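Using numbering that gives the first Met the number 0, the first residue of the sequence shown is number 0, and each one after it goes up by one.
Take a look at the structure set out below.
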Amino acid sequence: MPTFSKTSMARLQTCHPDIVAVCRELIKQYDFAVLCGHRGKAEQNQAYERGASRLKYPQSAHNKTPSHAVDMAPYPLDWDNLMRFREMWYRFDALAKLMRERGEIESKFEWGGEWNTLKDFPHIEIKEE
Ligand SMILES: [Zn+2]
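Here you go:
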């Protein structure tokens with residue numbers, strides 16, 4: 000059974016409890032790394048400068064405390080294989096639906112890979128309603 004590295008776990012713990020709950024279930028059946036949880040001001044503006052984010056601080060869901068977004072990637076990492084990112088999202092979303100039905104979490108999520116502007120394949124965030 001896959002488990003989180005210490006780095007992934009530390010990043011995950013900066014995220015909203017619903018993100019943590021889904022990821023902790025997902026890792027039992029699917030190996031992935033957590034790339035980023037919360038981003039502070041300097042980190043967010045650096046991400047903006049290098050084109051990794053469309054948003055300046057504090058507009059990103061990553062800037063909330065705890066973070067309402069998580070960046071994650073299938074393990075082992077292969078940035079060119081976008082199908083694996085899609086599969087990871089499908090698994091995440093299916094699990095989240097199940098956990099919502101069971102009353103374990105409340106949040107709904109959206110995937111950056113489905114955005115029309117800058118697609119962000121590792122990015123999953125809480126849908127704000
Ligand atoms: Zn992100």
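Cβ coordinates follow ideal geometry from the N, Cα and C atoms, glycine included.
Please read these numbers as outputs of a predicted model, since none were measured by experiment.
Whole-angstrom distance between Lys27 and Val21, CA atom to CA atom = Rounded to whole angstroms, the gap between the alpha carbons of Val21 and Lys27 is 10 Å.
Measuring from each Cβ to the nearest heavy atom of ligand 1, keep the ones under 5 Å and list them in chain order.
-> Qualifying residues come out as Ala68, Asp70, His122.
Identify every run of the beta strand (DSSP E) within the segment 48–116, keeping only runs that are complete inside it and at least 3 residues long; order them along the chain.
-> As far as the segment 48–116 is concerned, its whole beta strand (DSSP E) runs of at least 3 residues are 68–73, 108–110.
Contact check, His37 vs Thr6, beta carbons under 7 Å = A distance of 7 Å or more separates the beta carbons of His37 and Thr6.
Between the beta-carbon of Ile104 and the beta-carbon of Asp17, is there less than 7 Å?
-> Contact: yes.
6 Å CB neighbourhood of Gly135 in its chain, flanking five on each side removed = With the chain covering 0 to 128 only, the question about residue 135 has no answer from this structure.
Look at the Cβ atom of Arg90, then the Cβ atom of Tyr29, and state whether they are nearer than 7 Å.
-> Between Arg90 and Tyr29, the C-beta gap is smaller than 7 Å, which places the two residues in contact.
Can you give me the start and stop residues for the alpha helix (DSSP H) that Ile123 sits inside?
-> Premise fails: Ile123 lies in the beta strand (DSSP E), 122–125, not in any alpha helix (DSSP H).
Exposure of Pro73, with buried meaning 16 or more beta-carbon neighbours within 10 Å = Under this definition Pro73 is a buried residue.
Do we get a CB-CB distance below 7 Å when we pair Pro75 with the residues of chain D?
-> Looking at the structure shown, chain D is missing, and only one protein chain is on hand.
Going by the beta-carbon positions, is the gap between Lys40 and Tyr47 smaller than 7 Å?
-> The Cβ atoms of Lys40 and Tyr47 lie no closer than 7 Å to each other.
Which whole runs of the beta strand (DSSP E) in the segment 1–52 are 3 residues long or more, in chain order?
-> Counting whole runs of 3 or more residues, the segment 1–52 contains the beta strand (DSSP E) stretches 31–35.
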